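According to the working numbering, the sequence shown is numbered sequentially starting from 2.
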Amino acid sequence: MKNLLIISNWKLNGNKYLINSFISKISHIIKSCNFSIVIAPPLLYLDYMQQIIKSYKCDNYISLSAQNIDIHNYGSFTGEISAKMLKDIGIQYAIIGHADRKIFHKENNNTILKKFTLLKSEGIFPILCIGETKKEYQNNQTIAICIKQIDNIVKNLGILALQDTIIAYEPIWAIGNKIVINSTYIQKIHNAIRNYLMQINYKISKNISIQYGGSVNFNNVLNLLKQPDIDGVLIGKASLDTENFIKILNVINNNLYSF
Ligand code: 13P
């Protein structure tokens, strides 16, 4: 049985009302789930969500993630938050390199490397998003692009930097679309990533969690998780609807032995 990780990325959605109802409704089911759950609400609500999770005695079952950090730890950078601040309030994960940040905030390999380095120095688990554009996909460049994005970390910080790191493969063209996910194709990409890492460090390649994200929903989640190299899913839209998210958690929990 795999060590599954299910991540819910709320992006720029949610409010105090949703946080309360979401946590109260999932609080019963998550206590019987035999896998890890991470929620990434908007930064503003991290501390609030943490308090609500504690009030439902769910802090042993849900971890929280930031959706982004700044490339600095402190200073004159109005509007930013740092890895150090996340550590200060007890946040364990942070998403970096998300496609939304690359598209709307022009993030590149250089900024992602800086953010990765800061997270590691604070002992926060980076959820490192990688993935290709539609054009790169059509040109058959997916594997080369993914490896280049991972190499950005490995060549600068060494392979051991990938310990306690989560890789999230999110093809940019598959995010937020009602597309039909071909889980065999996604498995091929995940397998290529793992094989690449295996050539450098066998242990890291075996232990690293490689997530898939992009239009994951109740209908496709099982087929994805049945693939040997898909260790979990990073869910956007489908995780915002509480009833739907509960359905997803239930179907995963009921089929754990088939993964
Ligand atoms: P969707 O599940 O809405 O496609 O979002 C995926 C994603 O970007 C998660 O980080």
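Beta carbons: idealized from backbone N, C-alpha and C, even for Gly. Computed from a predicted structure; not experimentally measured.
Which partner residues of residue i appear in the DSSP bridge assignment?
i	result
S206	For S206, which the question treats as bridged, DSSP gives no partner whatsoever.
I63	I38
C130	A169
G233	L6 and Q212
A95	A67 and P127
Look at residue i and residue j and say whether their C-beta atoms are less than 8 Å apart.
i	j	result
K135	I173	yes
S22	T243	yes
A162	G132	no
E137	I146	yes
I82	D71	yes
V252	I201	no
P127	I97	yes
I7	F36	yes
K179	S216	yes
I31	C59	yes
C34	N254	yes
I need the straight-line Cα distance from residue i to residue j, nearest angstrom please.
i	j	result
N183	Q212	15 Å
I125	S66	9 Å
S259	M2	8 Å
N109	L129	13 Å
L223	I38	16 Å
M199	L257	26 Å
Q228	S77	46 Å
I27	M50	13 Å
N111	G91	26 Å
S122	S240	30 Å
Y75	N69	15 Å
Quick one: is residue i buried, meaning 16 or more other Cβ sit within 10 Å of its Cβ, or exposed?
i	result
Y94	buried
F246	buried
L13	exposed
T79	exposed
L119	buried
D232	buried
G159	exposed
Q150	buried
Leaving aside the five residues before and after residue i along the sequence, list all residues of the same chain whose C-beta is less than 7 Å from its C-beta, in chain order.
i	result
D230	Q188, H191, N192, R195 and I211
Y46	G15 and I20
Taking 7 Å as the line, does the beta carbon of residue i fall inside it for any heavy atom of ligand 3?
i	result
I70	The ligand content of the structure shown is limited to ligand 1, which means ligand 3 is not among them.
Closer than 6 Å by C-beta to residue i: which residues in its own chain qualify, once you throw out the five before and the five after it? Chain order, please.
i	result
A169	I128, C130, Q212, G214 and L235
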